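Comments concern the structure below.
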Amino acid sequence: MHRFRSRIQQKILLLILSLSLPPLMFVGWLGLTGLARAHDTAVEEGTNALRNQAEETLAQRARERAQFYNVTLTAIQQQVEGVASYATYQASKPVPDRTADRVWVAPAPNPALIESYSPQVAYAQQMIPLLQSVITHNTLFNVGYIALDQGGIMAFSDAGVVDKLLSIQPFDPRQRPWYIQAREAGHTIWTDAYVDANTGALATTCATPVYGSQGQLIGVVGFDLLLSTVQEDLLTIDIGQGGYAFMLNTVGDVIVRPNLSAANTNWDEPFQSENLHASASAELRSLVDKMLDHQSGIEQIEYEGQLSYIAYAPIHASGWSVGMVVPADAIIQPALNTGQRIGESQDRLRRQLTLLLVVVALAIGVASLFMSLSFTRPIRALQYGVRAVASGKLDERLPSTGRDEISELVTAFNTMAAALESKVAELEMHAQQLATLNNVSNELKGILDLDTLLQRIPEAVCVRFGFDRTVLYLVEGTHLRVASASFGIGNEHQATHFAQVVNADPLRLDGGTVEADVVRSGKAIIVDDPWNHPRVDQRKQVIAGGHSYVQVPIFGREEQVIGVLSADYHLSQRRIQPQDASQLLMFASMVGLTIQNVQLYHNLEHQVAQRTEELRAALEKAQLADRRKSDFLTGISHELRTPLNAIIGFSTVLIDELDGPLAPMQREDAQSINRNGRFLLHLINELLDLARIEAGHLDLDLGRVDLAPLVSEVLDTMQGLLRSGQVSLNQNLPADLPAVCADADRIRQILFNLLSNAVKFTERGTITVSANLRDEIGPDGNAQSMVVMHIRDTGIGIPANRQHEIFEEFVQVHDKRLRRRGTGLGLAIVRRLVEAHQGHIWVESSPNEGSTFSFSLPIAR
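Okay, so the sequence shown: first residue is 1 according to full-length UniProt numbering, each after it adds one.
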């Protein structure tokens with residue numbers, strides 16, 4: 001073997017010497033003779049190349065910086081619009097309770113002013129956590145805020161701004177440039193430079209208006225970006241000695257450049273900056289026109305008294321442009337210096353080349369010896385590596401020897417060893433994962449309480465598999481709702497808030513979100529850029545934040561997807577890898593059957609408890625109905641039937657003067673007796689109506705009914721029931737109120753019963769009949785237009801804890817206290833008649849303030 005190796009070395013040595021020395025001598029001669037001719041050409045071409053390269057580099061830097069700000073400002077706009085969308089969404093929700101967070105109320109806050117705008121203040125305070133979250137995740141922002149059009153109310157991400165504004169009051173945000181420009185534009189805008197009232201520094205604002213569900217302006221959301229922040233970033237760009245960067249707005253004003261400040265401008269004064277479009281230089285005005293036209297490039301012009309290069313590029317997100325100014329000398333002189341150095345170097349090279357040829361000839365001999373050794377050394381190293389791997393050292397690697405065939409063999413060996421080590425490590429990791437899954441499975445199987453199980457699943461994912469945050473979604477009908485979430489220790493409030501926001505408007509399974517895709521496809525999905533992903537719900541993303549997460553389906557029995565698990569590395573900011581998704585998918589496949597088993601157990605317990613409660617409630621209801629029926633029959637027998645015939649008969653005789661003429665006062669008394677007797681007859685008719693309704697014998701004569709004349713007729717009738725002149729009956733119906741599809745007699749009965757009830761419990765004041773239109777969901781599940789009638793009185797009102805009872809049979813909330821007798825059937829019959837017309841009836845009332853009864857009727861088509 002040693003003799004074989006020696007022969008190879010000798011042959012390689014002779015071959016290298018015979019092939020290298022003659023060409024080396026010839027090339028040396030050609031080099032010396034051609035070096036002189038190349039001197040002038042090298043100097044000229046080198047100088048031109050350096051100049052062109054410098055110009056291209058400057059233009060490229062301008063484009064890159066413009067692109068950077070375009071991406072940055074676009075992301076800022078998306079965040080601001082996300083906050084505005086959330087503000088619009090919250091405006092449709094009930095008014096929350098006020099918190100201790102400080103807000104501004106124009107012109108300056110005080111307790112009385114804050115109390116007068118209490119709902120708006122509470123709404124603004126609700127936006128503060130979201131503003132703080134956005135500021136935390138974007139270091140470019142100085143402060144975020146929302147200003148409301150009503151009251152000039154303003155909430156900030158930093159409560160310290162209120163102290164600053166108190167020192168410069170009065171302050172009205174509706175008069176600030178960012179508010180006015182966003183309101184007039186009707187969309188997201190970037191303001192011109194202005195003096196910030198808080199910091200006193202130059203700033204620009206990304207602002208967008210917030211509109212309500214009816215299209216009304218609620219306010220403006222804005223985030224301040226200090227121009228000093230942009231200026232410091234531009235100053236970090238290396239563009240040579242004497243060069244600097246600047247930024248133009250959409251009208252040619254310089255908004256960022258070195259030494260630009262607002263030292264002589266107050267916060268409530270417009271900031272006047274240099275306008276390059278008004279320059280005396282025609283070349284500069286032409287260049288500014290190109291910048292305002294969103295072009296990019298580089299030009300050489302006379303600027304500020306010297307020949308300069310100006311590279312420029314547009315920022316499309318805001319309509320601004322970035323410019324970089326470099327004196328021409330700073331670009332040309334290095335190229336000239338380089339050309340001179342090239343010439344000097346070529347002279348030295350000529351002298352050195354002669355010496356080098358001699359040295360190289362000697363070095364070739366020595367190098368050839370070492371080269372021959374290099375062919376045999378890798379073979380011996382490869383032999384050693386094979387033996388090491390065979391002995392179990394899987395991490396053994398051979399050093400690379402170049403790009404020859406032996407090096408390829410070494411590379412193949414290293415690849416084989418790495419693959420073998422990876423497979424062994426993968427097997428060990430899978431074994432560890434299976435052990436972890438088995439332990440977690442055993443722990444979860446011992447939990448029989450569904451709520452506890454759902455809470456433990458995200459916690460187990462974070463603790464056992466290393467994720468920072470985990471959310472568990474479960475399928476409920478056609479929606480996907482958050483069942484539980486774990487955001488780490490100390491972040492329980494954030495997890496609860498996330499679940500509340502998502503469940504306020506649950507994700508639809510037929511929607512275009514990533515979660516819906518996971519449920520439909522049954523496959524895991526990794527989202528690496530959720531802020532710009534087209535299928536990510538940005539309302540949810542604004543609350544959760546994060547930069548990368550994975551979502552996997554949860555399979556139940558028969559491979560049915562029953563939910564989704566979502567997890568990320570929010571704290572460590574690590575991106576999700578395929579092995580992370582595989583690990584979470586294995587866990588989700590195991591936990592799905594566990595959830596269904598506990599759900600079955602929980603449903604069984606719930607059904608038993610529910611059936612028991614239903615039986616108990618039915619028994620109590622039957623007993624109560626029996627008692628009410630007995631009381632009612634007793635009242636009818638003794639208080640209505642016996643005296644009714646005598647009352648009506650004798651009063652009629654008196655009114656007809658069969659027993660002689662009556663005095664005016666006597667006639668009025670007789671008519672009152674007759675009227676009340678007939679009112680008792682009306683009560684009996686109500687009882688008969690209720691019996692017919694419960695027996696299913698109510699027939700409606702539906703047709704087109706104009707409500708205005710019908711209401712007038714009923715009001716005329718009700719005038720006779722008024723006990724004094726202290727109560728007035730009014731109607732306020734729209735002139736264009738459409739006709740309804742109804743039974744006119746039954747509508748007359750509904751109005752009569754509701755107005756009688758209002759008259760009965762109103763000592764003084766007004767009773768008003770009004771109407772309006774609204775959409776309701778019909779029996780077929782589709783929206784349909786309805787006429788809503790309102791009967792409002794200023795009577796004694798109904799306690800909140802009794803309002804749910806008043807539409808039940810034989811319920812009398814005030815009769816015993818006020819000593820006014822009745823059957824308690826009027827409102828029950830009204831409810832049955834309204835529902836028979838496919839409508840709804842409800843009441844809004846406060847004790848001692850009056851009541852408003854409302855019912856809906858379908859519009860005639």
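Where a beta carbon is used, it is the ideal one built from N, C-alpha and C, also for glycine.
Since the structure is predicted, the reported quantities are computational estimates derived from the model, not experimental observations.
Please check the pair residue i and residue j, which I expect to be a contact at CB under 8 Å, by giving their CB distance rounded to whole angstroms.
i      : j      : result
Leu202 : Leu165 : So it is not a contact: roughly 18 Å between Cβ atoms.
Ile146 : Ala197 : Rounded, the Cβ-Cβ distance is 16 Å, inconsistent with contact.
Leu509 : His479 : 7 Å
Val502 : Val482 : 5 Å
Leu450 : Val598 : 5 Å
Val705 : Ala742 : 5 Å
Phe156 : Phe223 : No, Phe156 and Phe223 are not in contact; Cβ-Cβ is about 11 Å, not under 8 Å.
Ser92  : Ser213 : 6 Å
Leu226 : Leu248 : Their Cβ separation, rounded to whole angstroms, is 18 Å, which puts Leu226 and Leu248 out of contact at 8 Å.
Ala860 : Ala739 : 5 Å
Trp178 : Thr205 : 4 Å
Val536 : Val514 : 6 Å
Nearest-angstrom Cα distance between residue i and residue j?
i           : j      : result
Ile796      : Ala207 : 49 Å
Thr250      : Arg575 : 39 Å
Thr74       : Ala317 : 6 Å
Asn753      : Val830 : 7 Å
residue 880 : Val653 : The chain is shown only over 1 to 861; residue 880 falls outside these bounds and no answer can be derived.
Glu849      : Gly725 : 20 Å
Phe465      : Thr136 : 28 Å
residue 866 : Gly778 : With the chain running from 1 to 861 in the structure shown, residue 866 is simply not present.
Leu454      : Val591 : 10 Å
Tyr549      : Gln500 : 20 Å
residue 862 : Ala328 : As displayed, the chain neither begins before 1 nor continues past 861, which places residue 862 out of reach and without an answer.
Gln352      : Val359 : 10 Å
Ser846      : Thr762 : 14 Å
Thr188      : Val80  : 8 Å
Thr452      : Glu620 : 34 Å
Ile554      : Gly522 : 8 Å
Met127      : Gln90  : 9 Å
Arg675      : Ala646 : 13 Å
For residue i, I'd like the list of residues in its chain whose CB is within less than 7 Å of its CB, leaving aside the five on either flank, ordered along the chain.
i      : result
Leu58  : Ile239, Ile298, Tyr309, Ala311, Met324, Val326
Ala722 : A quick correction: the sequence has Leu, not Ala, at residue 722. Around Leu722: Val759.
Pro799 : Pro847
Exposed or buried, residue i, counting other C-beta atoms within 10 Å across all chains shown (16 or more means buried)?
i      : result
Ala524 : buried
Leu658 : exposed
Arg802 : exposed
Asp293 : exposed
Val463 : exposed
Val71  : exposed
Lys540 : buried
Tyr601 : exposed
Pro530 : buried
Thr415 : exposed
Pro314 : buried
Ser712 : exposed
Phe807 : buried
Met665 : exposed
Pro209 : buried
Leu307 : exposed
Gly252 : buried
Give me, in chain order, the residues of the same chain whose beta-carbon lies closer than 6 Å to that of residue i; leave out the 5 immediate sequence neighbours on both sides.
i      : result
Glu274 : Val254
Gly649 : none
Phe853 : Leu754, Ile791, Val843
Asp158 : Val143
If I measure Cβ to Cβ from residue i and keep anything under 8 Å in the same chain, skipping five residues before and after, which residues do I get?
i      : result
Val461 : Phe467, Thr470, Ser486, Leu565, Ala567, Leu584, Phe587
Thr634 : Here the model assigns Thr634 a pLDDT of 44, short of 50, so the residue's position is not dependable and the matter cannot be decided.
Leu710 : Ala744, Ile747, Arg748, Leu751
Ala783 : Asp775, Glu776, Ile777
Touching by the beta-carbon criterion (3+ pairs, under 8 Å), the stretch 174 to 189 and the stretch 213 to 221: These segments touch.
Touching by the beta-carbon criterion (3+ pairs, under 8 Å), the stretch 836 to 844 and the stretch 758 to 772: As far as the Cβ criterion goes, the stretch 836 to 844 does not touch the stretch 758 to 772, which means the pair count is below three.
Cβ contact (3+ pairs, closer than 8 Å) linking the stretch 156 to 163 and the stretch 180 to 189: Too few Cβ pairs lie closer than 8 Å, so no.
Touching by the beta-carbon criterion (3+ pairs, under 8 Å), the stretch 348 to 356 and the stretch 95 to 110: No, the stretch 348 to 356 is not in contact with the stretch 95 to 110.
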